[in-house]
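Q: The letter at position 81 of the sequence shown is residue 81 when you use our numbering, and the numbering goes up by one with no holes. Before we start, here is the structure in question, set down as structure tokens.
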Amino acid sequence: MPAERTRSTGSDRLRDSALAGDLSFLLARANALALAAANAALATHGLKARSYSVLALAADDVRPTQRELAEFLRLDPSQVVALVDGLEQRHLVERHADPADRRANVLVATDAGRALFARARDAVRAVGIDSLSVVPAQDQARLARLLRLLAFPD
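Here it is in structure tokens:
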């Protein structure tokens with residue numbers, strides 16, 4: 001039998017590489033897989049993970065400024081402007097003057113935005129449940145706590 005036929009697939013061989021044991025790589029790969037699954041589920045709602053995140057925060061009544069969104073989501077402010085503009089064009093969010101700072105705007109979801117967010121959230125949750133099915137149930141809460149520690153170290 002030729003040597004090529006007895007070799008494992010490239011993916012199997014790469015799983016045994018030093019990189020596959022690197023925590024930063026594993027986090028990045030898990031993130032890429034989660035984003036791809038979330039974006040696929042959100043596509044039917046005309047959203048992607050980033051626009052969904054902005055809509056979610058606007059629908060949560062925390063009234064974030066665009067600067068707060070950029071910092072929280074770790075995006076460039078120009079990216080947030082484009083995301084908000086897109087959601088605003090679809091009448092899903094509105095910019096309101098920030099009562100604490102007249103120079104800033106806060107983001108508020110419209111009724112249509114809240115309704116779309118509720119439907120999209122259900123789709124994202126279903127994908128999350130499916131994605132996490134490989135993690136034993138008793139470890140899922142622990143995983144979430146550990147990820148929160150990494151995501152919000154301060």
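In this text, a Cβ means the ideal position worked out from N, Cα and C, and glycines have one as well.
Which whole runs of the alpha helix (DSSP H) in the stretch 82-131 are 4 residues long or more, in chain order?
A: 111-131
Q: In or out: F117 buried (at least 16 other Cβ within 10 Å) or exposed?
A: With 16 or more other Cβ atoms within 10 Å, it is buried.
Q: Looking at L132 and Q140, is the spacing between their C-beta atoms short of 8 Å?
A: Yes, the Cβ-Cβ distance between Q140 and L132 is below 8 Å.
Q: If you draw a straight line from the alpha carbon of A82 to that of D22, how long is it in whole angstroms?
A: 34 Å
Q: Note down, in chain order, each residue of its chain lying with its Cβ closer than 7 Å to the Cβ of A38, except the 5 sequence neighbours on either side.
A: Closer than 7 Å at Cβ, skipping near neighbours: A49, V124 and V127.
Q: Using DSSP's beta-bridge definition, name the partner residues of T65.
A: The partner list for T65 (beta bridge, DSSP) reads V106.
Q: Between which two residues does the alpha helix (DSSP H) harbouring M38 extend?
A: According to the sequence provided, residue 38 is Ala. The question's Met does not apply to it. From DSSP, the alpha helix (DSSP H) with A38 extends over L23 to A43.
Q: Taking 8 Å as the cut-off, does the stretch 61-73 touch the stretch 106-114 (at least 3 CB pairs, one atom from each stretch)?
A: yes
Q: Check whether the stretch 66-74 touches the stretch 96-103, counting contact only when three or more Cβ pairs, one atom from each stretch, lie closer than 8 Å.
A: no
Q: Indicate the three-state DSSP secondary structure (helix, strand or coil) for S17 in the structure shown.
A: coil
Q: Please report the distance separating the alpha-carbon of V84 from that of A58.
A: Going from the Cα of V84 to the Cα of A58 covers about 10 Å.
Q: With C-beta atoms as the reference, is S51 less than 8 Å away from L19?
A: Cβ atoms of S51 and L19: not closer than 8 Å.
Q: Which whole-angstrom value describes the C-beta separation of G113 and L75, a residue pair presumed to lie in contact below a C-beta threshold of 8 Å?
A: Incorrect: roughly 19 Å between the Cβ atoms, too far for contact.
Q: Compare the beta carbon distance of L143 and V134 with 8 Å and say whether it is the shorter of the two.
A: no
Q: State buried or exposed for L150, treating a residue as buried only when at least 16 other CB atoms are found within 10 Å of its CB.
A: exposed
Q: Quick one: give me the first and last residue of the alpha helix (DSSP H) that S53 is part of.
A: A49 to A59
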